[in-house]
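Peer 1:
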Amino acid sequence: MDRNNPPFFTNDALDDTFFKRLSTEIHDRFGIRLPITKKSLLASGLQRRMHSLGLTSLSEYNAILFGQEENDQREFVLLLDAMTSYTTKFFRNSRQFEFLAQTSLPELIKTHGAGISRVLNIWSAGCATGEDSYTLAMVLCEFANHYPGIQFKSQILATDVSPKILEFAKNAIYEMEKVQSIPDALKKKYLLKSKDHRKSLARVVPPLRAMVNFRRLDFMDPSFGLREKMDVIFCRNILSYFDRDTQEHLVNKLSRHMVPGGYLFAGPSESLQSLATPLTPLAPAIYQLPNW
28 MDRNNPPFFT
38 NDALDDTFFK
48 RLSTEIHDRF
58 GIRLPITKKS
68 LLASGLQRRM
78 HSLGLTSLSE
88 YNAILFGQEE
98 NDQREFVLLL
108 DAMTSYTTKF
118 FRNSRQFEFL
128 AQTSLPELIK
138 THGAGISRVL
148 NIWSAGCATG
158 EDSYTLAMVL
168 CEFANHYPGI
178 QFKSQILATD
188 VSPKILEFAK
198 NAIYEMEKVQ
208 SIPDALKKKY
218 LLKSKDHRKS
228 LARVVPPLRA
238 MVNFRRLDFM
248 DPSFGLREKM
258 DVIFCRNILS
268 YFDRDTQEHL
278 VNKLSRHMVP
288 GGYLFAGPSE
298 SLQSLATPLT
308 PLAPAIYQLP
318 NW
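Going by this note's numbering, the residue at position 259 of the sequence shown is 286; the numbering climbs one at a time, nothing skipped.
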């Protein structure tokens with residue numbers, strides 16, 4: 028067999044040898060684990076990218092992937108996009124947003140003056156198409172209403188590895204069915220319906236969009252390049268993509284970018300209690316860095 032041009036697919040299935048090579052490369056570059064059960068997912072991603080590039084030869088796509096400069100991983104990012112289903116929604120796991128508003132924010136004001144004497148910093152890590160980020164902005168705006176006469180100061184950093192997804196999130200235009208989970212009162216305040224009645228679309232209002240700063244960030248980068256430590260980090264439904272060692276490394280890395288007493292919100296199925304980290308569990312998928 029020609030190792031430079033392996034037969035990637037056999038009877039519409041991804042060749043095991045190439046699957047191992049490509050899944051290892053993705054793990055090394057992004058920390059994302061692809062067990063053998065994900066072989067069909069990777070195959071479908073390859074097919075989508077080839078179709079997008081107008082390629083009919085798998086060996087041509089192999090040359091594009093592995094013919095890049097060592098630090099150039101643009102095509103790998105696009106391949107991940109083609110494999111990923113961004114299943115998120117506004118106010119997903121709403122109890123976490125309730126905890127944020129009712130417990131985390133008052134405590135951060137009390138201990139750090141966050142939002143009052145200094146800016147409150149929130150990081151939406153792995154923001155995908157932006158629903159979490161704009162939900163956070165809505166929660167902060169509603170919380171600020173409890174402090175009439177005081178300018179509540181906050182900023183949200185939203186990051187993802189995919190430039191394509193970040194562009195979608197920045198545009199903040201969603202199909203109406205995607206915003207159904209937003210309470211009606213908040214829809215009226217924070218969404219604008221399309222003027223073209225043939226289009227069932229809504230856009231987040233400009234003041235809310237201005238609260239969120241979108242930026243590309245790869246969790247595997249040696250440095251996140253953050254200027255401020257975070258009071259709150261939302262990193263939900265991201266850790267499950269990584270193996271245990273990478274999870275532990277990432278959570279500790281996130282912890283180093285938190286203020287003492289800061290909060291980390293994970294996905295509902297992402298327990299961190301088996302990991303060696305400095306975080307203390309407070310509620311399901313909610314953790315706090317000790318206030319040393």
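We treat Cβ as the ideally placed atom computed from N, Cα and C, and that holds for glycine.
This structure is a prediction, so every number in the text was calculated from the model and none was measured.
Please state if the CB of Ala196 and the CB of Phe241 are separated by a distance shorter than 7 Å.
Peer 2: It is a contact, given that the beta carbons lie within the stated cut-off.
Peer 1: Looking only at its chain, what residues have a beta carbon closer than 7 Å to the beta carbon of Pro308, apart from the 5 residues adjacent to it on each side?
Peer 2: Residues Gln300, Tyr314 of the same chain have their beta carbon placed closer than 7 Å to that of Pro308, with the five preceding and five following residues left out of the count.
Peer 1: Identify every residue that forms a DSSP beta bridge with Phe241.
Peer 2: Ala185
Peer 1: How many angstroms separate the CA atom of Ile192 from the CA atom of Ile265?
Peer 2: 15 Å
Peer 1: Could you name the residues that DSSP lists as bridge partners for Leu219?
Peer 2: According to DSSP, which records beta bridges pairwise, Leu219 is partnered with Arg230.
Peer 1: Alpha carbon to alpha carbon, how far is Arg56 from Ile63? Give it in angstroms, no decimals.
Peer 2: 18 Å
Peer 1: Determine the burial state of Phe93: buried for a count of at least 16 other Cβ atoms within 10 Å of its Cβ, exposed for fewer.
Peer 2: Exposed: under 16 other Cβ atoms inside 10 Å.
Peer 1: With burial defined as no fewer than 16 other Cβ atoms inside 10 Å of the residue's Cβ, what is the status of Gly289: buried or exposed?
Peer 2: buried
Peer 1: Using only CA atoms, which one of Ala229, Leu218, Val166 lies nearest to Gln129?
Peer 2: Measuring from the Cα of Gln129, the nearest candidate turns out to be Val166.
Peer 1: So, does the region 152-172 touch the region 118-137, judging by three or more C-beta pairs under 8 Å?
Peer 2: yes
Peer 1: Taking Cβ positions only, does Ser50 come closer than 7 Å to chain E?
Peer 2: Structure shown: chain E not included; a single protein chain is present.
Peer 1: Consult DSSP for Leu258 and reduce its assignment to one of helix, strand or coil.
Peer 2: Per the sequence shown, the amino acid found at residue 258 is Asp instead of Leu. Note: Asp258 maps to strand in three-state DSSP.
Peer 1: For Leu299, which three-state DSSP category applies?
Peer 2: coil
Peer 1: Please list the terminal residues of the continuous alpha helix (DSSP H) segment that includes Tyr88.
Peer 2: Where Tyr88 is concerned, the enclosing alpha helix (DSSP H) stretches over 85-93.
Peer 1: Counting only the same chain and skipping the five closest in sequence on each side, list residues whose C-beta sits under 7 Å from that of Leu219.
Peer 2: Ala229, Arg230, Val232
Peer 1: Can you tell me which of Thr111, Ile149, Gly157 puts its alpha carbon nearest to the alpha carbon of Leu184?
Peer 2: Ile149
Peer 1: Mind checking Ala312: buried by the 16 CB within 10 Å criterion, or exposed?
Peer 2: buried
Peer 1: Mind checking who Met285 pairs with in its DSSP beta bridge?
Peer 2: Met257
Peer 1: Go to Pro210, then tell me how far its alpha helix (DSSP H) extends in each direction, as first and last residue.
Peer 2: Per DSSP, Pro210 belongs to no alpha helix (DSSP H) and is neither H nor E.
Peer 1: Nearest-angstrom Cα distance between Asp258 and Gln123?
Peer 2: Between the alpha carbons of Asp258 and Gln123 lies a gap of roughly 15 Å.
Peer 1: Could you give the residue range of the beta strand (DSSP E) that holds Thr307?
Peer 2: It spans 307-310 - the beta strand (DSSP E) in which Thr307 sits, taken as one unbroken run.
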